[in-house]
Amino acid sequence: MPKRENETFFNLVFEVVKLIPEGRVTTYGAIARYLGAAKSSRMVGWAMNVSHFLEEKIPAHRVVNRNGLLTGKAHFGTSNQMQKLLENEGLRFQEDQILDFEKFFWDPNKELVL
DNA sequence: AATGTGACATACC
DNA sequence: TGGTATGCCACAT
Numbered sequence: 034m035p036k037r038e039n040e041t042f043f044n045l046v047f048e049v050v051k052l053i054p055e056g057r058v059t060t061y062g063a064i065a066r067y068l069g070a071a072k073s074s075r076m077v078g079w080a081m082n083v084s085h086f087l088e089e090k091i092p093a094h095r096v097v098n099r100n101g102l103l104t105g106k107a108h109f110g111t112s113n114q115m116q117k118l119l120e121n122e123g124l125r126f127q128e129d130q131i132l133d134f135e136k137f138f139w140d141p142n143k144e145l146v147l
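See the structure below:
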């Protein structure tokens with residue numbers, strides 16, 4: 034339903050999210066910062082929300098909040114869907130939180146070169 | 001057209 | 001240490 038025709042913040046978000054390597058995760062803030070809108074981290078979350086309606090496959094499960102907490106798990110099919118996907122990529126959890134989060138953290142600002 | 005809301009992050013009591 | 005307030009932008013109503 035969303036018409037992602039225009040190249041907007043959203044599209045950019047998707048671009049970045051799709052670049053997240055398997056077994057890695059990043060945060061809303063990191064993405065927002067990478068896009069030059071550090072204070073628009075909320076929009077990243079919105080983008081993820083909309084991503085479910087998109088035809089493109091957005092690994093939204095690889096995007097978590099700054100605490101490495103699966104805040105968006107509720108938006109996946111089941112509560113454990115998101116965690117399951119990540120576990121399948123080799124991550125471990127404890128109370129919906131990623132263990133060694135920093136270790137798996139993929140910062141577009143670092144990994145990608147502007 | 002205006003207002004409210006949201007998968008966050010930061011700053012400030 | 002922890003709650004409240006604010007920024008930010010797209011989307012739904």
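Under my numbering, the first residue of the first sequence carries the number 34, and numbering increases by one thereafter. Backbone N, C-alpha and C define an ideal beta-carbon position, used for all residues, glycine too.
Checking the sheet assignment: what are the DSSP bridge partners for residue i?
i, result
"residue 131", "126"
"residue 96", "59"
"residue 45", "Beta-bridge pairing links residue 45 to no other residue."
"residue 138", "58"
Among the candidates the options, whose CA atom is the shortest distance from the CA of residue i?
i, options, result
"residue 31", "129, 43, 63, 103", "A query on residue 31 cannot be resolved here, the shown segment of the chain reaching from 34 to 147 and no further."
"residue 74", "59, 86, 85", "59"
"residue 46", "57, 66, 55, 54", "66"
"residue 77", "48, 57, 55, 54", "48"
"residue 84", "105, 125, 136", "105"
"residue 101", "144, 52, 119, 145", "119"
"residue 121", "99, 142, 61, 92", "92"
"residue 112", "142, 94, 99", "94"
Using a threshold of 7 Å, is the CB atom of residue i nearer than that to any non-hydrogen atom of the ligand FMN?
i, result
"residue 118", "Among the components modelled here there is no ligand, and therefore nothing to report on the ligand FMN."
When burial is assigned at 16 or more other CB atoms within 10 Å of the CB, is residue i buried or exposed?
i, result
"residue 69", "exposed"
"residue 54", "exposed"
"residue 35", "Bear in mind that a pLDDT of 42 at residue 35, under 50, signals an unreliable position, so the number given afterwards is only what the model happens to contain. By the neighbour-count rule (16 or more Cβ atoms within 10 Å), residue 35 is not buried but exposed."
"residue 124", "buried"
So, are the CB atoms of residue i and residue j less than 8 Å apart?
i, j, result
"residue 137", "residue 57", "yes"
"residue 140", "residue 103", "no"
In its own chain, which residues sit with a C-beta less than 7 Å from the C-beta of residue i, not counting the 5 before and 5 after it?
i, result
"residue 99", "60, 62"
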